[in-house]
Amino acid sequence: MASIYSVRQVNAYIKNMFTQDFVLNKMKIKGEVSNCKYHTSGHIYFTLKDETSTLACVMFYKNRSGLNFHLQEGQKVICSGMINVYERDGRYQLYVNQVEQDGAGDLYQRFQELKLRLEEMGMFAEQYKQPIPRYAKSIGIVTAATGAAIHDIIQIATRRNPYVQLYLQPALVQGDGAAESIVHGIQVLDRMNLDCMIVGRGGGSIEDLWAFNEEIVARAIFECETPIISAVGHEVDVTIADFVADLRAPTPSAAAELAVFDYRLLDGVLEEIKQRMELSINQRLQLEKHRLEKELLRLRLLHPGNQLLQKKQCLSKLQGELQRSMEYYLEKNRHRLELIGKRLQGASPLNKLTGGYAYLSDQEGDPIESIDQIQIGETIFLRLKDGRVQTSVLKKEQIRYDDR
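All residue numbers for the sequence shown refer to this note's numbering, where the first residue is 331 and numbers rise by one.
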């Protein structure tokens with residue numbers, strides 16, 4: 331019967347096989363760094379990858395003295411060490427004791443230096459970013475005439491809006507002369523007064539994408555008056571062009587999604603605009619209605635007929651007040667005149683002629699108040715209450731009556 335082994339025994343056996351293999355004990359492996367993590371213990375855990383495979387790696391703290399640069403994502407490196415099995419998990423990994431940068435690592439260093447220099451110059455600043463038009467009608471494309479990028483852009487743009495105009499300016503996107511070709515394409519399309527522009531290509535290694543890390547391409551994007559969407563590589567690929575462009579798309583397909591408005595959504599947008607316009611118009615109509623009602627009220631108050639009516643009412647009120655005032659005044663003076671009349675009647679000479687009194691006057695009608703005013707034989711007149719008597723003075727005698 332076949333032997334039965336524990337998991338530990340199997341892992342230990344496999345580890346022993348790795349340990350005894352001379353080739354696995356001393357290897358140099360090149361690849362691209364990904365999933366790099368600096369652990370609090372000082373160890374570095376990362377993955378080496380190429381186009382098709384990955385390899386787990388660990389560099390213990392004691393071996394970091396041989397590392398003269400900061401290990402990070404995307405670097406092309408050559409790792410020296412041994413491959414062995416981590417017995418607890420039953421998986422093999424590269425135990426790294428030395429790391430050096432590959433030729434592509436030099437490119438990454440140049441990338442970092444150029445990125446820092448352009449950033450310090452302000453070429454990545456948000457204040458220089460132009461907005462991408464929401465309803466672009468004409469879109470320029472700078473990419474290779476053949477390849478997945480242009481086909482993806484055309485397919486998505488046609489699906490979202492078949493009426494949008496696409497203008498392709500073919501360009502080399504890798505190799506010698508690629509940067510100059512991309513700059514030329516940007517400048518040609520910029521003179522066409524398009525709504526926006528897509529500049530990019532499909533994915534690849536850092537060497538393949540290097541044309542989009544050239545300073546002349548960055549400056550052409552920065553100086554372009556047409557808003558530019560960068561669409562270089564896959565989502566994980568980042569180039570200098572992405573930082574300078576007005577908008578970065580993770581892929582060419584995503585760039586087409588961002589640049590081309592889906593006209594099928596236009597009905598919803600137009601309906602929303604219609605509702606907002608109707609609401610705005612109704613609010614404005616209500617506002618104007620209230621304003622007109624107030625103006626109409628003011629107009630009615632200021633109308634000449636209304637003014638005349640108000641004046642007439644005012645005059646009628648004043649007339650009534652004047653009539654009452656006159657009646658009061660006349661009544662008041664009537665009583666006063668009655669009192670005066672009674673007083674005058676009491677003081678009237680004619681009133682005093684009753685009771686045997688008479689009023690004496692000379693021939694001229696002047697009253698005679700003293701005997702000194704008349705002479706004997708002179709004709710005088712006596713006025714009684716019921717008539718007048720003419721007589722002559724036969725005698726006059728001076729008499730002094732007691733004042734009592």
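Quick reminder that beta carbons are idealized off the backbone N, C-alpha and C, glycines included.
Same chain only: Cβ atoms within 6 Å of residue i, ignoring 5 sequence neighbours per side
i	result
Glu565	Pro580
Ala501	Val472, Ser511, Ile512, Gly515
Tyr362	Position check: residue 362 holds Glu in this sequence, whereas Tyr was assumed. Closer than 6 Å at Cβ, skipping near neighbours: Lys379, Lys406.
Phe441	Asn543
Ile558	Met527, Val529, Ile551, Ala575, Asp576
Ile480	Thr473
Thr569	Leu539, Phe542, Asn543, Val562
Leu397	Val429
Option in the options with minimal Cα separation from residue i
i	options	result
Gly530	Val547, Val518, Arg614	Val547
Tyr458	Asn393, Gln643, Met656, Cys554	Cys554
Leu437	Ile344, Ser535, Lys604, Leu498	Ser535
Gln485	Arg673, Leu632, Ala586	Ala586
Gln728	Cys387, Ser700, His481, Ser722	Ser700
Trp540	Ala550, Ala589, Ala509, Val388	Ala509
Arg578	Val518, Asp592, Met527	Met527
Gly505	Ala386, Leu712, Glu537	Glu537
Pro463	Tyr593, Leu627, Leu588	Leu588
Gly532	Ala475, Val518, Ala550	Ala475
Asp432	Met453, Gly404, Gln613, Asp419	Gly404
Ile706	Thr721, Leu712, Gly717	Thr721
Asp592	Asn346, Leu724, Ala466, Glu430	Ala466
Arg713	Glu668, Arg489, Tyr689	Tyr689
Distance between beta carbons of residue j and residue i, contact taken as under 8 Å
i	j	result
Ser410	Lys358	5 Å
Ala571	Phe542	4 Å
Ile413	Phe348	6 Å
Ser468	Asp525	5 Å
Ala332	Glu417	Incorrect: roughly 23 Å between the Cβ atoms, too far for contact.
Asn491	Val590	5 Å
Gly470	Tyr497	5 Å
Ser583	Asp482	4 Å
Asp696	Ile710	Contact flag wrong, Cβ pair sits at about 11 Å.
Val415	Tyr425	Not confirmed; about 10 Å, so no contact.
Asn365	Thr382	Not quite, the Cβ-Cβ distance comes to about 17 Å (not below 8 Å), so this is no contact.
Val719	Ile704	At roughly 15 Å, the Cβ-Cβ gap does not stay under 8 Å, so Val719 and Ile704 are not in contact.
Glu545	Leu446	At roughly 12 Å, the Cβ-Cβ gap does not stay under 8 Å, so Glu545 and Leu446 are not in contact.
Asn393	Asn427	5 Å
Cβ shell of residue i (< 7 Å), same chain only, five flanking positions each side left out
i	result
Ser371	Tyr391
Tyr375	Lys367, His369, Val388
Val340	none
Arg673	none
Asn636	Arg630
Spatial neighbours of residue i in its chain, beta-carbon cut-off 8 Å, leaving aside the 5 residues before and after
i	result
Arg734	The predicted position of Arg734 is uncertain, since its pLDDT is 45 and thus under 50; a value taken from the coordinates is nonetheless stated next. Result list for Arg734: empty, nothing under 8 Å.
His373	Val388, Met389, Phe390, Tyr391
Glu623	none
Ala550	Ile512, Val513, Ile516, Gln517
Ala487	Ile469, Val494, Leu496, Ala586, Ala589, Val590
Glu449	Phe573
Gln605	none
Unbroken alpha helix (DSSP H) run spanning residue i, endpoints
i	result
Ser610	596-632
Ser371	Here Ser371 belongs to no alpha helix (DSSP H), and DSSP marks it neither H nor E.
N- and C-terminal bounds of the beta strand (DSSP E) containing residue i
i	result
Leu588	Per DSSP, Leu588 belongs to no beta strand (DSSP E); it is in the alpha helix (DSSP H), 582-589.
Arg718	717-722
Thr476	Per DSSP, Thr476 belongs to no beta strand (DSSP E) and is neither H nor E.
Ile710	709-714
Problem set entry | Within the stretch 339-365, ranges of the beta strand (DSSP E) (whole runs, at least 3 residues) | If we require 3 residues or more, the stretch 339-365 turns out to have no beta strand (DSSP E) run fully inside it.
For this session: With a floor of 4 residues, list each alpha helix (DSSP H) that falls wholly inside the stretch 649-707, ordered by position along the chain.
Result: The stretch 649-707 contains these whole alpha helix (DSSP H) runs: 679-682.
Exercise. At which residue ranges does the stretch 487-571 contain complete alpha helix (DSSP H) runs of 4 or more residues, listed in the order of the chain?
Worked result: Within the stretch 487-571, the runs of alpha helix (DSSP H) at least 4 residues long that lie entirely inside it are, in chain order, 508-520, 545-553.
Problem set entry | Whole runs of the beta strand (DSSP E) within the stretch 368-426, excluding any shorter than 3 residues | The qualifying runs are 374-379, 384-389, 406-416.
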